[in-house]
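Engineer: Starting off with a structure, shown below.
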Amino acid sequence: MATSGKVIRCRAAVAWAVGKPLSLEEVEVAPPKAREVRVKIVATGICRTDDHVLEGSFLDIDFPVIPGHEGAGIVESIGEGVTSVKPGDKVILFGLPQCGECCFCKNPDSNYCLKSHLSVSQCLLPDKTSRFTCRGKQIHHFLWISTFAEYTVVPEFTLAKIDAAAPLDKVCLLACGFSTGYGAAINTAKVKPGSTCAVFGLGGVGLSVVMGCKAAGASRIIAVDVNKEKFARAKELGATECISPRDFQKPVQEVLTEMTGYGVDYSFEVIGTADTMVAALASCNMNTGVCVVVGVLPSGSVVPIDPLLFLSGRTCKGTLIGGWKMRDSIPKLVSSYMEKKFNSDLLITHTLPIAKINEGFELLRAGKSIRTVLLF
Ligand code: PAD
Ligand code: ZN
Ligand code: ZN
Numbered sequence: 001m002a003t004s005g006k007v008i009r010c011r012a013a014v015a016w017a018v019g020k021p022l023s024l025e026e027v028e029v030a031p032p033k034a035r036e037v038r039v040k041i042v043a044t045g046i047c048r049t050d051d052h053v054l055e056g057s058f059l060d061i062d063f064p065v066i067p068g069h070e071g072a073g074i075v076e077s078i079g080e081g082v083t084s085v086k087p088g089d090k091v092i093l094f095g096l097p098q099c100g101e102c103c104f105c106k107n108p109d110s111n112y113c114l115k116s117h118l119s120v121s122q123c124l125l126p127d128k129t130s131r132f133t134c135r136g137k138q139i140h141h142f143l144w145i146s147t148f149a150e151y152t153v154v155p156e157f158t159l160a161k162i163d164a165a166a167p168l169d170k171v172c173l174l175a176c177g178f179s180t181g182y183g184a185a186i187n188t189a190k191v192k193p194g195s196t197c198a199v200f201g202l203g204g205v206g207l208s209v210v211m212g213c214k215a216a217g218a219s220r221i222i223a224v225d226v227n228k229e230k231f232a233r234a235k236e237l238g239a240t241e242c243i244s245p246r247d248f249q250k251p252v253q254e255v256l257t258e259m260t261g262y263g264v265d266y267s268f269e270v271i272g273t274a275d276t277m278v279a280a281l282a283s284c285n286m287n288t289g290v291c292v293v294v295g296v297l298p299s300g301s302v303v304p305i306d307p308l309l310f311l312s313g314r315t316c317k318g319t320l321i322g323g324w325k326m327r328d329s330i331p332k333l334v335s336s337y338m339e340k341k342f343n344s345d346l347l348i349t350h351t352l353p354i355a356k357i358n359e360g361f362e363l364l365r366a367g368k369s370i371r372t373v374l375l376f
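Numbering (UniProt numbering), first residue to last: 1 to 376.
Right, here's the structure in full:
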């Protein structure tokens with residue numbers, strides 16, 4: 001390609017400081033170094049986690065930064081030693097790497113990688129430098145992938161080649177939102193046929209949990225949200241009942257326990273607050289109930305939990321991107337999408353040009369969108 005080996009000037013949405021709207025800027029993107037890939041981003045979704053970054057509640061993010069982690073694009077050029085992709089390949093980028101070498105990557109039962117942001121900061125690439133500059137300043141990467149940039153440079157183990165026929169403006173959601181929710185039900189909770197589930201929070205991720213519970217054969221899926229505008233889509237995707245905690249005088253965990261006898265088999269917290277985490281945990285039955293925490297609580301949060309909730313056997317567990325080993329799973333998830341085994345397109349309520357990125361965030365904050373896909 002004509003741009004290979006050269007610095008590319010292109011558009012990117014930069015977060016200069018906490019609490020400020022994103023600023024669409026012209027940035028310079030350096031060529032990839034060894035084991036890195038430069039990707040032309042075609043489409044990227046807006047996930048609530050990006051909003052947590054903008055509000056400063058997501059752990060250890062260095063500003064200025066280019067957020068975005070739900071992207072799909074086309075390989076522009078590759079650095080030395082890259083073997084899994086070549087220029088022109090369609091790829092999905094993910095914020096949870098799979099280095100394939102660490103002890104967790106080698107464990108078939110886990111998807112966590114020791115190169116993840118929770119273990120090592122991903123605000124700079126593995127060689128501790130950035131490939132982005134803007135107005136003479138170094139700009140940080142986000143989760144190594146920064147998909148709110150027209151071109152981004154990423155380590156090879158944060159992307160996977162996908163079917164050349166896949167529509168990038170749709171399958172970008174498989175990078176985070178859809179895969180997280182669907183996998184939380186299928187991989188993390190391992191929902192059993194005939195079971196009862198409660199899903200707290202009906203954003204893009206929560207609705208994907210609903211889809212996962214349905215695919216796993218749950219017979220009752222109770223969707224919980226304070227925004228009743230989300231209920232119609234939840235029912236379309238498989239929820240059997242929808243409730244708003246605001247319609248009851250008593251705590252929602254008591255409502256769910258009454259509705260089900262002893263509590264649900266599986267509960268999912270897909271919001272990210274301490275109160276809803278406690279409510280979700282108390283909503284699953286005291287014996288075999290499993291609560292999966294998907295929502296990302298502000299870093300440093302302390303959650304007051306009565307330890308007696310665990311004494312009789314309840315389990316509470318977390319999930320990162322729905323338990324998928326991403327490099328192995330993304331091509332398969334895209335194949336399943338192409339075979340229409342699930343319809344993640346139903347999560348997309350808005351498609352906007354990248355220039356309207358702040359409008360996309362406003363729609364999310366106002367509860368008007370489920371997923372907005374931004375196009376470059
Ligand atoms: P979203 O903002 O689109 O959806 C959140 C939903 O929760 C909205 O429909 C709200 O109306 C609803 N809600 C808010 N407060 C309450 C309440 N008190 N009671 C009931 N409902 C309420 O977000 P999203 O779907 O993009 O993301 C959801 C969370 O999942 C968020 O915390 C995000 O950071 C996290 C996430 N985790 C992972 C992971 O790997 N664990 C991946 C992606 C996103
Ligand atoms: Zn996300
Ligand atoms: Zn690893």
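Positions of the beta carbon are idealized from the N, C-alpha and C atoms, including for glycine.
All values derive from a computational prediction rather than experimental measurement.
What's the C-alpha gap between Ser116 and Lys332?
Structural biologist: Counted from its first residue, the sequence shown places residue 116 at position 116. Counted from its first residue, the sequence shown places residue 332 at position 332. In a straight line, the C-alpha of Ser116 is about 22 angstroms away from that of Lys332.
Engineer: Indicate the three-state DSSP secondary structure (helix, strand or coil) for Ser159 in the structure shown.
Structural biologist: Reading the sequence shown from its first residue, position 159 is the one you call residue 159. The residue asked about is misnamed: residue 159 is Leu in this sequence, not Ser. Three-state DSSP puts Leu159 in a strand.
Engineer: So what's Phe148 in DSSP terms, helix, strand or just coil?
Structural biologist: Start at 1 with the first residue of the sequence shown, and residue 148 comes out as number 148. In the structure shown, Phe148 sits in coil (DSSP, three-state: anything other than H, G, I, E or B).
Engineer: Would you check if the distance between the CB atom of Gly295 and the CB atom of Val264 is smaller than 8 angstroms?
Structural biologist: The residue given as residue 295 occupies position 295 in the sequence shown. The residue given as residue 264 occupies position 264 in the sequence shown. Not in contact: Gly295 and Val264 (Cβ atoms no closer than 8 angstroms).
Engineer: At which residues does the alpha helix (DSSP H) containing Thr49 begin and terminate?
Structural biologist: Here residue 49 refers to the residue found at position 49 of the sequence shown. 48-55 is the span of the alpha helix (DSSP H), which, as asked, contains Thr49.
Engineer: Ligand 2 and Gly295: does any heavy atom of the ligand fall closer than 7 angstroms to the residue's C-beta?
Structural biologist: Within the sequence shown, numbered from 1, the residue matching residue 295 stands at position 295. Because no heavy atom of ligand 2 lies under 7 angstroms away, the Cβ of Gly295 does not count as near it: no.
Engineer: Which same chain residues, not among the five before or five after Cys213, have their C-beta less than 6 angstroms away from its C-beta?
Structural biologist: If you number the sequence shown from 1, residue 213 lands on position 213. Around Cys213: Ala185, Val191, Cys197, Ile221.
Engineer: If I follow the unbroken beta strand (DSSP E) through Cys134, where does it start and stop?
Structural biologist: As a position in the sequence shown, residue 134 is number 134, starting the count at 1. Where Cys134 is concerned, the enclosing beta strand (DSSP E) stretches over 132-134.
Engineer: Identify whether Cys291 lies in helix, strand or coil by the three-state DSSP scheme.
Structural biologist: For the purposes of this step, residue 291 is taken as the residue at position 291 of the sequence shown. Note: Cys291 maps to strand in three-state DSSP.
Engineer: Which residue wins for smallest C-alpha separation from Val226, given the options Leu159, Lys368, Ala72?
Structural biologist: Within the sequence shown, residue 226 is the residue found at index 226, counting from 1. Answer by Cα proximity: Lys368.
Engineer: Can you say whether Asn107 is buried or exposed, counting buried as having 16 or more other CB atoms within 10 angstroms of its CB?
Structural biologist: The residue given as residue 107 occupies position 107 in the sequence shown. Looking at its Cβ environment, which holds fewer than 16 other Cβ atoms inside 10 Å, Asn107 is exposed.
Engineer: On the premise that Lys228 lies in contact with Lys161, defined as a C-beta separation below 8 angstroms, what is that separation, rounded to the nearest angstrom?
Structural biologist: Locating residue 161 in the sequence shown gives position 161, where the first residue counts as 1. Locating residue 228 in the sequence shown gives position 228, where the first residue counts as 1. With a Cβ gap of about 41 angstroms, Lys161 and Lys228 do not count as contacting.
Engineer: Who does Phe268 pair with in a DSSP beta bridge?
Structural biologist: Residue 268 sits at position 268 when you count from the first residue of the sequence shown. BP columns for Phe268 point to Val199, Val292.
Engineer: For Cys134, collect the residues of the same chain with a Cβ closer than 8 angstroms to its Cβ; drop the 5 residues on either side in sequence, then sort them by chain order.
Structural biologist: If you number the sequence shown from 1, residue 134 lands on position 134. Closer than 8 angstroms at the Cβ level, and outside the excluded window around Cys134, lie Ala12, Val14, Glu25, Glu26, Val27, Glu28, Pro64.
Engineer: Among the residues of its own chain, which have a CB less than 6 angstroms from the CB of Asp62, if the five just before and after it don't count?
Structural biologist: For the purposes of this step, residue 62 is taken as the residue at position 62 of the sequence shown. Taken in chain order, the residues that qualify are Cys123, His140.
Engineer: Between the beta-carbon of Phe200 and the beta-carbon of Ala280, is there less than 8 angstroms?
Structural biologist: As a first step, residue 200 is located in the sequence shown; it is residue number 200 there, counting from the start. As a first step, residue 280 is located in the sequence shown; it is residue number 280 there, counting from the start. Their beta carbons are under 8 angstroms apart, which means Phe200 touches Ala280 by this criterion.
Engineer: I need the boundaries of the beta strand (DSSP E) containing Arg11, first residue and last residue.
Structural biologist: Numbered from 1 along the sequence shown, position 11 holds the residue referred to as residue 11. Looking at the DSSP string, the run of the beta strand (DSSP E) that includes Arg11 is 8-14.
Engineer: Who are the near neighbours of Glu101 in its chain, counting only those whose CB is closer than 6 angstroms to its CB and skipping five residues on each side?
Structural biologist: In the sequence shown, counting from the first residue as 1, residue 101 sits at position 101. For Glu101, where only same-chain residues beyond five positions count, there are no Cβ hits under 6 angstroms.
Engineer: Runs of 4 residues minimum, wholly inside the region 166-211: which ones carry the alpha helix (DSSP H) assignment?
Structural biologist: The region 166-211 contains these whole alpha helix (DSSP H) runs: 168-171, 177-183.
Engineer: Any idea which residues DSSP pairs Val154 with across the strands?
Structural biologist: Position 154 of the sequence shown, counting from 1, holds the residue named residue 154. Looking at the DSSP assignment, Val154 forms a beta bridge with Val37.
Engineer: CA-CA distance, Ala216 and Ser77?
Structural biologist: Position 216 of the sequence shown, counted from the first residue, corresponds to residue 216. Position 77 of the sequence shown, counted from the first residue, corresponds to residue 77. Cα-Cα distance, rounded: 40 angstroms.
Engineer: Report the residue from Glu236, Ser208, Met211, Leu202 whose alpha carbon sits nearest the alpha carbon of Ala223.
Structural biologist: By one-based count along the sequence shown, residue 223 stands at place 223. It is Leu202 whose Cα lies nearest to the Cα of Ala223.
Engineer: Return yes when the C-beta of Glu101 is under 7 angstroms from any heavy atom of ligand 3, and no when it is not.
Structural biologist: As a position in the sequence shown, residue 101 is number 101, starting the count at 1. The answer is yes for Glu101.
Engineer: For Gly56, I'd like the list of residues in its chain whose CB is within less than 8 angstroms of its CB, leaving aside the five on either flank, ordered along the chain.
Structural biologist: Here residue 56 refers to the residue found at position 56 of the sequence shown. The residues are Val18, Gly19.
Engineer: Could you give the residue range of the beta strand (DSSP E) that holds Gln138?
Structural biologist: By one-based count along the sequence shown, residue 138 stands at place 138. First-last of the beta strand (DSSP E) with Gln138: 137-139.
Engineer: Report the partner residues of Pro353 according to the DSSP bridge assignment.
Structural biologist: Residue 353 sits at position 353 when you count from the first residue of the sequence shown. Leu375.
Engineer: Can you give me the start and stop residues for the alpha helix (DSSP H) that Glu258 sits inside?
Structural biologist: On the sequence shown, position 258 is the one that residue 258 refers to. Start and end: 252-260.
Engineer: Closest to Asn343 by CA distance: which of Thr260, Tyr182, Ser299 is it?
Structural biologist: In the sequence shown, the residue the question calls residue 343 occupies position 343. Considering only alpha carbons, the answer is Tyr182.
Engineer: With a cut-off of 8 angstroms, do at least 3 Cβ pairs link the region 299-313 to the region 84-99?
Structural biologist: Too few Cβ pairs lie closer than 8 angstroms, so no.
Engineer: Please work out which residues of its chain come closer than 7 angstroms, Cβ to Cβ, to Gly238, disregarding the five sequence neighbours upstream and downstream, and give them in chain order.
Structural biologist: By one-based count along the sequence shown, residue 238 stands at place 238. Cβ within range, chain order: Val210, Met211, Cys213, Lys214, Ile221.
Engineer: Identify, in the order they occur along the chain, each residue of the same chain with its Cβ nearer than 8 angstroms to the Cβ of Arg365, setting aside the five sequence neighbours on each side.
Structural biologist: Here residue 365 corresponds to residue number 365 of the sequence shown, with the count starting at 1. If we look at Arg365 and ignore the five residues flanking it on each side, its Cβ neighbours are Asp51.
Engineer: Confirm the yes/no value for this check: CB of Gly194, any heavy atom of ligand 2, distance under 7 angstroms.
Structural biologist: One-based indexing of the sequence shown puts residue 194 at position 194. Flag unset: Cβ of Gly194 not near ligand 2.
Engineer: Report the CB separation of Ser335 from Asp163 in whole angstroms; it is logged as a contact under 8 angstroms.
Structural biologist: Taking the sequence shown and counting its residues from 1, the one referred to as residue 335 is at position 335. Taking the sequence shown and counting its residues from 1, the one referred to as residue 163 is at position 163. The Cβ separation is near 6 angstroms, so the contact holds.
Engineer: Lys90 by DSSP, collapsed to three states: which one?
Structural biologist: Locating residue 90 in the sequence shown gives position 90, where the first residue counts as 1. Of the three classes helix, strand and coil, the one that applies to Lys90 here is strand, per DSSP.
Engineer: Please tell me whether Gly313 has its Cβ less than 8 angstroms away from any Cβ of chain B.
Structural biologist: Absent here is chain B; the protein component of the structure consists of one chain.
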